[in-house]
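All letters in the sequence shown, in the order written, are residues 1 to 156 by our numbering. Just below is one structure, and these are the notes that go with it.
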Amino acid sequence: MYIEQLYTGCISEAAYYIESNGEAAIIDPLRDIESYLLLAKERNATIKYIFETHFHADFISGHLDLSKATGAPIVFGPGTKAGFDVAVAANNQVFSLGNISIQVLHTPGHTLESTCYLVKNEAGKPYAIFTGDTLFVGDVGRPDLLRRVNHLLLKI
């Protein structure tokens with residue numbers, strides 16, 4: 001198993017490249033997809049999935065371009081409604097990636113479709129979790145955003 005964080009300091013955004021046995025997944029890709037394509041090529045891997053933890057309001061995701069370039073499906077969590085093709089995963093759904101698996105953990109709060117992805121190693125044991133903006137080091141994401149948006153919509 002290989003995991004690499006691709007961090008963009010100017011917007012404090014982390015994307016992740018996860019690979020096992022020649023299959024790769026990208027979590028929360030940034031707009032510029034070249035680094036993911038290059039990494040997969042250098043490691044002789046095929047990008048199989050593009051996982052989004054939630055709809056991002058603070059940056060433009062590269063999921064559409066990455067999906068077009070690789071043929072990989074864009075996976076969002078339960079409750080997702082999008083104006084483009086996505087695979088809407090069920091809570092606890094498991095995706096195989098080479099010799100490892102990625103389990104969907106629906107964590108609504110930051111947004112309705114907010115989802116964490118639990119990576120399990122070759123032995124099926126939890127290895128890493130990708131939380132998007134649900135959890136931060138020493139803090140939690142903004143679970144109040146949905147309430148604020150609904151409140152503003154009710155005033156319109």
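Beta carbons: idealized from backbone N, C-alpha and C, even for Gly.
Query, Result
"Let me check one thing: in DSSP terms, what residues is SER61 bridge-paired to?", "LEU30"
"Should ALA90 be listed as close to the ligand ATP, given that the test is whether its C-beta is under 8 angstroms from any heavy atom?", "This structure does not include the ligand ATP; it has no bound ligands of any sort."
"Report back the beta-carbon spacing between MET1 and ASN91 to the nearest angstrom; my notes put them in contact at under 8 angstroms.", "The Cβ separation is near 24 angstroms, so there is no contact."
"Are the Cβ atoms of GLY62 and HIS106 separated by less than 9 angstroms?", "no"
"Within 10 angstroms of the Cβ of SER20, are there 16 or more other Cβ atoms? Answer buried if so, exposed if not.", "buried"
"Can you give me the Cβ contacts of ASN23 inside the same chain, cut-off strictly under 7 angstroms, excluding the 5 residues immediately before and after it?", "The question names Asn, yet the displayed sequence has Glu at residue 23. The answer, listed in chain order, is ALA45, THR46, LYS48, LEU97 and GLY98."
"My understanding is that CYS116 touches ILE102, with C-beta atoms under 8 angstroms, so please give their C-beta distance in whole angstroms.", "10 angstroms between Cβ atoms; not a contact."
"Using the beta-carbon count (16 or more within 10 Å), is ALA89 buried or exposed?", "buried"
"Since ALA87 and ILE100 should fall inside the 8 angstroms C-beta cutoff, what is the C-beta to C-beta distance between them, to a whole number of angstroms?", "The Cβ separation is near 19 angstroms, so there is no contact."
"By Cβ distance, which residues of its chain are closer than 7 angstroms to PRO126, with the 5 residues on each side in sequence left out?", "LEU118 and LYS120"
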